[in-house]
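Peer 1: To convert, note that position 34 of the sequence shown is 73 in our numbering; the numbers rise steadily by one, no gaps.
Ideal Cβ positions, reconstructed from N, Cα and C, are used throughout, including at glycine.
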Amino acid sequence: MIREIQVKSALSRSGLRELDYSLNPYLGCRFSCTYCYARYFSPREVGERWGEVILVKRNLLDVLKREVKVKKKGVVGVSTITDPYQPVENEFRLTRESVKLLLENRFRVSIQTKSPLVLRDLDLLIKYKDRVDVGMTITTMNPEKARELEPLAPLPQARVETLKRLKESGIEVWMFLGPVIPGNDFSRVLEEASKIGVRVVYDVLNYYPGLPFKPVSKSAWKEVEEQIRKMCKELGVQCHSEEEDWIQETKRRYNPLF
Ligand code: SF4
């Protein structure tokens, strides 16, 4: 079910340290990942029927046009509690128009998605490539496992191809290996990262009661993280945890060219 809503603000202060703001053109996400905790940060009707109810912020662009003139410039994460290039974007194009507005007004944009639809906006990304980066989330390369974890998201191979195309176009890209679910084939994901030549940001499974996973203990995570680090070293992949990504982002933010 798709429903249009009106909003009072477009840019929210981000809870993620590497971002200044987040922008979510939609509430809810059709990709319906089983591990997704965005449902707990969404309106009740969306969270309870995760993947089935999508709210479209109909007046988002009008609000954003005002905000880009008065808010302090910074890094905007697109998006943090929805996939900005989920199917509804084909029709409403709120992500494209928001990204365009932000870039035209000298904000930096960090896109994270699982969808090749981002390639539709390649013209825009190329034009502003000094101030944009795109992350593609890949949790497994196994298509059956992906269908189980991310029932309606594009398959991992399509995401790999998207990353390649973006990289060839000169866009700064990264791969988000997350959540890392112990027992998953992260080695194949890292091999793909090595072939493309893309840096990897990894993160542990964030456990919320109600999700169909067990919390990962600190010791189990330490072991998995050591394996990831070792494999990255062997493959020559630059990889870091989300925490370290924040440190890098901070350095970039204070780059005089920004
Ligand atoms: S694509 Fe992202 S926002 Fe959408 S359901 Fe999956 S994890 Fe959640």
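1. According to DSSP, is F252 part of a helix, a strand, or is it coil?
2. Pick out whichever of C271, G236, V263 and G222 has its Cα sitting closest to the Cα of F252.
3. Run through the segment 55–110 for me and flag every whole beta strand (DSSP E) of 3 or more residues, listed as ranges in chain order.
4. Which of the three DSSP states is assigned to T119 in this structure?
5. Below 8 Å CB to CB, which residues in the same chain sit around L188 once its five sequence neighbours on both sides are set aside?
6. Does the segment 193–200 come within contact of the segment 241–250, defined as at least 3 CB pairs closer than 8 Å?
7. Answer yes or no: does any C-beta atom of chain C fall closer than 7 Å to that of V148?
8. Per DSSP, what kind of secondary structure is F146 in: helix, strand or coil?
9. Flag this pair as touching only if the segment 91–103 and the segment 165–174 have three or more C-beta atom pairs under 8 Å; answer yes or no.
10. Measure the C-alpha to C-alpha separation of V114 and E57 and round it to an integer number of angstroms.
11. Please return the same chain residues whose Cβ sits closer than 6 Å to the Cβ of L141, not counting the five positions on each side in sequence.
12. Within 6 Å: the Cβ of K166 and any heavy atom of the ligand SF4?
13. By DSSP, does S208 sit in helix, in strand, or in coil?
14. What separation, rounded to the nearest whole angstrom, lies between the Cα atoms of Q45 and V102?
Peer 2: Here's the rundown:
1. For F252, the secondary structure class from DSSP, reduced to helix, strand or coil, is coil.
2. Closest in alpha carbon position to F252, among C271, G236, V263 and G222, is G222.
3. Positions of the beta strand (DSSP E) runs, each at least 3 residues long and wholly inside the segment 55–110, are given as 93–96 in order along the chain.
4. If DSSP states are grouped into helix, strand and coil, T119 belongs with coil.
5. Close CB contacts of L188 within its chain, under the 8 Å cut and outside five residues either way in sequence, are with C72, T73, Y74, T178, T179 and I220 (chain order).
6. Judged by Cβ distances under 8 Å, the segment 193–200 makes no contact with the segment 241–250, as fewer than three pairs qualify.
7. The displayed structure is made up of one protein chain only, and chain C is not part of it.
8. Note: F146 maps to coil in three-state DSSP.
9. With the cut-off at 8 Å, the segment 91–103 and the segment 165–174 do not touch.
10. Taking the straight line joining both Cα atoms gives about 8 Å.
11. Excluding sequence neighbours, L141 sits near V115 and V148.
12. No; taking the cut-off as 6 Å, the Cβ of K166 has no heavy atom of the ligand SF4 nearer than that.
13. For S208, the three-state secondary structure derived from DSSP is coil.
14. The alpha-carbon atoms of Q45 and V102 are separated by roughly 10 Å.
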